[in-house]
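Let me begin by presenting the structure, written as structure tokens, before commenting on it.
Put into structure tokens, the structure is as follows:
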């Protein structure tokens, strides 16, 4: 098989994989954590064995969907952090970006972060609870790198940046999960309150020499 033929086959496989992920997204938007392989296969117009052939198993499909949504969220968070504004405004914008994302697609959020209570159509559904920790860990590491690149935290800066990164992500996740379920206040009020909590050390830290600034 020549290189051109292999490239064409890879493009076709990638396109088909995207189409299947889009079908899975539609089911997740409708069913949330109750989304099943049976429903996703039906939405895509294929049999379940073909779906398994592309993703291996439920865990493989979940991982692909999680990467798709986490990549998009991280891109949005980076854009908020890079916006031309004062540091406090960018902190609030970053918090708001996260909360706006889970508010706009609550079923996707619940699919990614909460285990299914039971499947549909004879399918056991997705046991996603065990997968949520790696997603949060990835976000924590990404934020830690941003903090380390931009802020002068003095001795032990790498370790402290990781503490802050994982701590901030944990706070956003826990507060956002509670807020999405109970809606005890407006999103803007929650953003301001969380920013107030973070602001002490963030306000005091200087920009890292030669870094992009924070």
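Residue numbers (my numbering): 1 to 214.
Glycine residues also receive a C-beta, built at the ideal position from the N, C-alpha and C atoms.
Tell me the DSSP bridge mates of residue 200?
-> According to DSSP, residue 200 bridges with nothing at all.
With burial defined as no fewer than 16 other Cβ atoms inside 10 Å of the residue's Cβ, what is the status of residue 110: buried or exposed?
-> buried
Roughly how many whole angstroms lie between the Cα atoms of residue 82 and residue 94?
-> 10 angstroms
Three-pair Cβ contact test at 8 angstroms for the segment 11 to 27 versus the segment 58 to 65 | yes
Under 8 angstroms by Cβ, that's how I've got residue 28 and residue 51 pegged, so tell me the actual separation to the nearest angstrom.
-> Actually they are not in contact, since the Cβ atoms of residue 28 and residue 51 sit about 14 angstroms apart, beyond 8 angstroms.
Could you please give me the residues that DSSP links to residue 206 through a beta bridge?
-> 152
Within the 8 angstroms Cβ cut-off, does residue 76 reach chain B?
-> Protein chain content of the structure displayed is limited to a single chain, and chain B is not contained in it.
Residue span of the alpha helix (DSSP H) that contains residue 214, given as start and end | No alpha helix (DSSP H) holds residue 214; DSSP gives it neither H nor E.
Counted within 10 angstroms of its Cβ, other Cβ atoms place residue 143 as buried (16 or more) or exposed = buried
Sort 70, 69, 37 by Cα distance to residue 54 and report the nearest one.
-> 37
Tell me where the alpha helix (DSSP H) around residue 258 begins and ends.
-> Nothing about residue 258 can be reported from this structure: the residues present for the chain run from 1 to 214 only.
Round the Cβ separation of residue 152 and residue 206 to the nearest angstrom and send it over; I've been treating them as touching at under 8 angstroms.
-> 5 angstroms
So is residue 182 buried or exposed if we call it buried at 16+ other beta carbons inside 10 Å?
-> exposed
Cβ-based neighbour list, residue 190, same chain, cut-off 7 angstroms, excluding 5 preceding and 5 following = 99, 175, 179
Start and end of the alpha helix (DSSP H) containing residue 157?
-> 157 to 182
Burial state of residue 49 (16 or more Cβ within 10 Å) | exposed
Top-ranked residue by Cα proximity to residue 211, from 154, 114, 45, 146 | 146
Under the three-state DSSP convention, the category residue 83 falls into | coil
Where do the ends of the alpha helix (DSSP H) carrying residue 50 lie?
-> 48 to 55
State the start and end residues of the unbroken alpha helix (DSSP H) segment that holds residue 44.
-> 37 to 44
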